[in-house]
């Protein structure tokens, strides 16, 4: 039974069964990510009331659910192999040296101290980053890229749930920084149209090609969406654009992704990237390109095979709540690991089964479609199982906050996608990923590695 009596017990739960770990690449580069939330809020641990629970941002929760349904509207076709862009991954992998499996030593977090760790070595350059916090909800992680000749710096949301780079360019309605394609001597376009939608928001423009600089590396002739029409939703966030890190097979530009081109053009030694997402802290989040970073892990990596080279999907074979484990039929449910989504989304029937294991929980349609509430005085122990490994979710991440100021109910981090989304797909967002350092490996048959995150470390 998973009972999280303390952070010490939770940290113990985070160590999965031993799997084939991976050695950090010597030539890998870390790109820090900026974690943007609506407003800076005080740390709950510093409140006069030790039981302080912030309000849930219900407006965002409802908006994101709609956005996720649109984002994954084509998932049934993509997962069935329909309407995919052809990417020769064997040819791409021939340009990089496939890594062997080495042991990553277990890092004794009790001796190292709580979360604040030194930078590894100069081989892994780190840039400063900022975390803006709204209540207890992390919404968006973004970092810098430079585009064009001469270089123009913009910021992008790092999203493993989509496959396109898009940035605003000559966009009258955009309030953030934009790319001036007329000022770049290397910009090209054939005026192919680009369009992508997220719920009530959309981005439209043309497909352009230019040099993209990321974390000290450069990729030439990279296709991206040069967006000249952007709905107002996007102006509420500080990132300028978005960097898709899923497989190029699902790209709207019908082109290989930035990371795939970094590999093809010999910029990456090891065909992997990894991501650490911080929890309510000003520093720490990063995207590691061609590498993994053991200073962000508190244990070994458990590897799970990817089921489809579209989204980063792994088989979801069980979940548990309060020690009650529900087994799922083999290959019946896939889980898309999505850094661009904040919450966790289950098909309607699965969400209902999940919350039946949490006493006092209920579907709270009066505050939002698909949202469930449960008694705040409970601390549910929640875990998901991928490929036979069980991965716990930190209780502070699962609790999205109170339903209202005087309410005794809190909102759960698992949301029902209802009957409108794919019924064989769960979307696993930041609520889960803050507890797990993730490695996305194009080699070894394509796989995702999960290692306990230092977010859950303690003195």
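In mature numbering (1 follows the signal peptide of the UniProt record, and there is no 0), the protein residues as written are -19 to -1, 1 to 440. Just so it is clear, CB atoms sit at the ideal spot from N, CA and C, and this is done for glycine as well.
- Cβ neighbours of residue 348 within its own chain (closer than 7 Å, five residues either side excluded): 39, 384.
- The region 44 to 58 makes contact with the region 384 to 399: 3 or more CB pairs, one atom from each, lie closer than 8 Å.
- The three-state reading of DSSP puts residue 257 in strand, counting E and B together.
- Taking all protein chains shown into account, residue 149 has 16 or more neighbouring C-beta atoms within 10 Å of its C-beta and is therefore buried.
- Here residue 145 is near residue 225, since their CB atoms are less than 9 Å apart.
- With a cut-off of 8 Å on Cβ pairs, the region 53 to 68 is not in contact with the region 358 to 373, counting fewer than three such pairs.
- Burial state of residue 428 is buried, judged by a 10 Å Cβ sphere holding 16 or more other Cβ atoms.
- Taking every protein chain shown into account, the CB of residue 174 has fewer than 16 other CB atoms within 10 angstroms, so this residue is exposed.
- With the rule of 3 Cβ pairs closer than 8 Å, the region 190 to 203 counts as touching the region 160 to 178.
- Taking C-beta separations shorter than 7 Å and ignoring five residues to either side along the sequence, the partners of residue 211 in its chain run 149, 152, 154, 155, 184, following chain order.
- Per DSSP, the continuous alpha helix (DSSP H) segment holding residue 376 begins and ends at 376 to 379.
- Secondary structure of residue 384 (DSSP, three-state): coil.
- Fewer than three pairs of CB atoms, one per stretch, sit closer than 8 Å, so the region 336 to 343 makes no contact with the region 403 to 413.
- In this chain, residue 138 is not harboured by any alpha helix (DSSP H); it is covered by the beta strand (DSSP E) spanning 133 to 140.
- Non-local C-beta neighbours of residue 308 in its own chain, meaning closer than 8 Å and more than five positions away in sequence, comprise 298, 299, ordered along the chain.
- Under the 10 Å beta carbon count, residue 311 is surrounded by fewer than 16 other beta carbons and is classified as exposed.
- Residue 293 and residue 69 have their alpha carbons spaced roughly 17 Å apart.
- Leaving aside the five residues that flank residue 56 on each side, the residues in its chain whose CB is nearer than 6 Å to its CB run, in chain order, 403, 406.
- The three-state reading of DSSP puts residue 433 in strand, counting E and B together.
- A contact between stretches requires three or more CB pairs, one per stretch, nearer than 8 Å, and the region 159 to 166 fails this requirement with the region 226 to 235.
- Beta-bridge partners of residue 336 (DSSP): none assigned.
- Considered as a whole, the region 261 to 348 harbours 267 to 270, 283 to 286, 294 to 302, 305 to 308, 315 to 318, 325 to 327 as its complete beta strand (DSSP E) runs of no fewer than 3 residues, in chain order.
- Rounded to whole angstroms, the Cβ separation of residue 432 and residue 280 is 6 Å, and the two are in contact under 8 Å.
- With fewer than 16 other CB atoms across the displayed protein chains lying within 10 angstroms of its CB, residue 134 is exposed.
- Apart from sequence neighbours up to five positions away, the residues of its chain that approach residue 132 with a beta-carbon distance below 7 Å are 194, ordered along the chain.
- Exclusion of the five residues before and after residue 240 leaves 226, 249, 254, 270 as the residues of its chain whose Cβ lies within less than 8 Å of its Cβ.
- By the neighbour-count criterion, in which 16 or more other beta carbons inside 10 Å mark a residue as buried, residue 358 falls on the exposed side.
- By the Cβ-count criterion, residue 205 is buried, with 16 or more other Cβ atoms from all chains shown falling within 10 Å of its own Cβ.
- Residue pairing from DSSP places residue 391 in a beta bridge opposite 355, 383.
- Within its own chain, the residues whose Cβ lies closer than 6 Å to the Cβ of residue 202, once the five positions on either side in sequence are excluded, are 190, listed in chain order.
- The beta carbon of residue 125 sits closer than 7 Å to those of 134, 136, all from its chain and outside the five residues before and after it, given in chain order.
- The DSSP-derived three-state label of residue 39 is helix.
- About 6 Å separates the CB atoms of residue 393 and residue 355; that is less than 8 Å, so the two are in contact.
- Note on residue 386: under 16 other CB atoms within 10 angstroms of its CB, so exposed under the neighbour-count rule.
- Take the alpha-carbon of residue 117 and the one of residue 326: they are about 18 Å apart.
- As the crow flies, the alpha-carbon of residue 186 is around 12 Å from that of residue 233.
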